[in-house]
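2 protein chains.
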Amino acid sequence: MKLKGSYLGEYEEVVLLAVLQLGKDAYGRSIRELLDEVGERFTSIGALYATLDRLERKGFISSRQGEATPERGGRAKRYFKVEGTGVLALREGRRIRQKLARGIRPGLLGKVL
Amino acid sequence: MKLKGSYLGEYEEVVLLAVLQLGKDAYGRSIRELLDEVGERFTSIGALYATLDRLERKGFISSRQGEATPERGGRAKRYFKVEGTGVLALREGRRIRQKLARGIRPGLLGKVL
DNA sequence: TTCGAGATTCTAGAATGTAGAACAAATGGA
DNA sequence: TCCATTTGTTCTACATTCTAGAATCTCGAA
Numbered sequence: 265m266k267l268k269g270s271y272l273g274e275y276e277e278v279v280l281l282a283v284l285q286l287g288k289d290a291y292g293r294s295i296r297e298l299l300d301e302v303g304e305r306f307t308s309i310g311a312l313y314a315t316l317d318r319l320e321r322k323g324f325i326s327s328r329q330g331e332a333t334p335e336r337g338g339r340a341k342r343y344f345k346v347e348g349t350g351v352l353a354l355r356e357g358r359r360i361r362q363k364l365a366r367g368i369r370p371g372l373l374g375k376v377l
Numbered sequence: 265m266k267l268k269g270s271y272l273g274e275y276e277e278v279v280l281l282a283v284l285q286l287g288k289d290a291y292g293r294s295i296r297e298l299l300d301e302v303g304e305r306f307t308s309i310g311a312l313y314a315t316l317d318r319l320e321r322k323g324f325i326s327s328r329q330g331e332a333t334p335e336r337g338g339r340a341k342r343y344f345k346v347e348g349t350g351v352l353a354l355r356e357g358r359r360i361r362q363k364l365a366r367g368i369r370p371g372l373l374g375k376v377l
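As structure tokens, this is what we get:
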């Protein structure tokens, strides 16, 4: 069951979910805003990119440079996309928590797993 | 939203769930066996106790020594119990993931959150 | 060419995760 | 009593992840 490097940290997981949710428009700022909005503990830009880099190194996400000359100022965006292995890693974490939560007094942890 | 020290690591979370699930019989060995059974990545005894200690320091769980003279050989057990703040921490993590998962193609991540 | 806006990279340190050897305590038999 | 055995916890050391904010980069407009 244990695959070296398949481990998914807690923050890594929410970042992965955010990227999945944002789809085509997932890049640094938008990801961060979504996390803030959802009530995730405040995290610095640095923390976010460090996590994105790690996820990419593990193959869970991939990134590409945004358009070369956008109609706005500022550096080009780096877009992120969740890969198949990323979805698998998310599922695995959920599966484990679901199993562990089975039988716990209903409602204690909230409506859904 | 961010409370200092309310952060819950990924392994901390599954350990917390295991303790909750086991109820009265949650101690080192039983917790470990449950985690193995559920398919959690193999973890050493040391890793488990280190995590339990950290959870206790944060106030998410408490521990007490087992009965003085059990009908068997071996050292006394140290039983663990999830405290209210522990349940709260679990809920918070679930709430955030649930929000982030909302809208993602149904079924992609499995049946339940 | 300089400035401001938008975005990413870098650096350093704290917190978490990992493993296994060492140690502790109780029981039962020699 | 003392030792081997069994059961369980503590200790030590290091790897990985998390966190923050300053520094840097890039582009368009003045």
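In order, the protein sequence lines correspond to chains A and B. Residues 265 to 377 in my numbering are what the first sequence lists, from first letter to last. Residues 265 to 377 in my numbering are what the second sequence lists, from first letter to last. C-beta: ideal position from N, C-alpha, C; glycine also.
Query	Result
Continuous beta strand (DSSP E) stretch holding B/K345: start and end	342-346
Under the three-state DSSP convention, the category B/R336 falls into	coil
Alpha carbon of B/L364 to alpha carbon of A/E304, nearest angstrom	10 Å
Under 7 Å between C-beta atoms of A/L272 and A/G357	yes
Validate contact between the region 275-291 of chain B and the region 344-353 of chain B using beta carbons, cut 8 Å, 3 pairs	yes
With 16 other Cβ atoms within 10 Å as the buried cut-off, status of A/G350	buried
Own chain, CB closer than 6 Å to A/I309, minus 5 neighbours either side, in chain order	none
Per-residue burial, B/V376 [other beta carbons within 10 Å of its own, 16 or more giving buried]	Confidence at B/V376 is low in this model, with a pLDDT of 49, below 50, so its placement is unreliable and no value can be given for it.
Euclidean distance between Cα positions of B/I325 and A/E276	25 Å
Proximity to B/S327 [Cα-Cα], best of B/G374, B/L373, B/V278, B/V283	B/V283
Delimiting residues of the beta strand (DSSP E) encompassing A/R328	325-329
Partners in chain B for A/K363, counting only beta-carbon separations shorter than 8 Å	V302, G303
Residue range of the alpha helix (DSSP H) that includes B/D300	292-302
Helix, strand or coil at B/G374 according to DSSP, with G and I counted as helix	strand
Interface partners of A/E347 on chain B, CB under 7 Å	Ordered by position in chain B, no residue passes the 7 Å Cβ test against A/E347, which lies about 13 Å from the chain.
Beta-carbon contacts of A/R366 that lie in its chain and below 7 Å, excluding the five residues immediately before and after	none
Min CB distance B/L354 to chain A below 7 Å	yes
Short CB-CB distance (under 7 Å) between A/V376 and chain B	The predicted position of A/V376 is uncertain, since its pLDDT is 49 and thus under 50; a value taken from the coordinates is nonetheless stated next. Output row for A/V376: interface = yes.
B/V279 beta carbon less than 7 Å from that of B/T307	no
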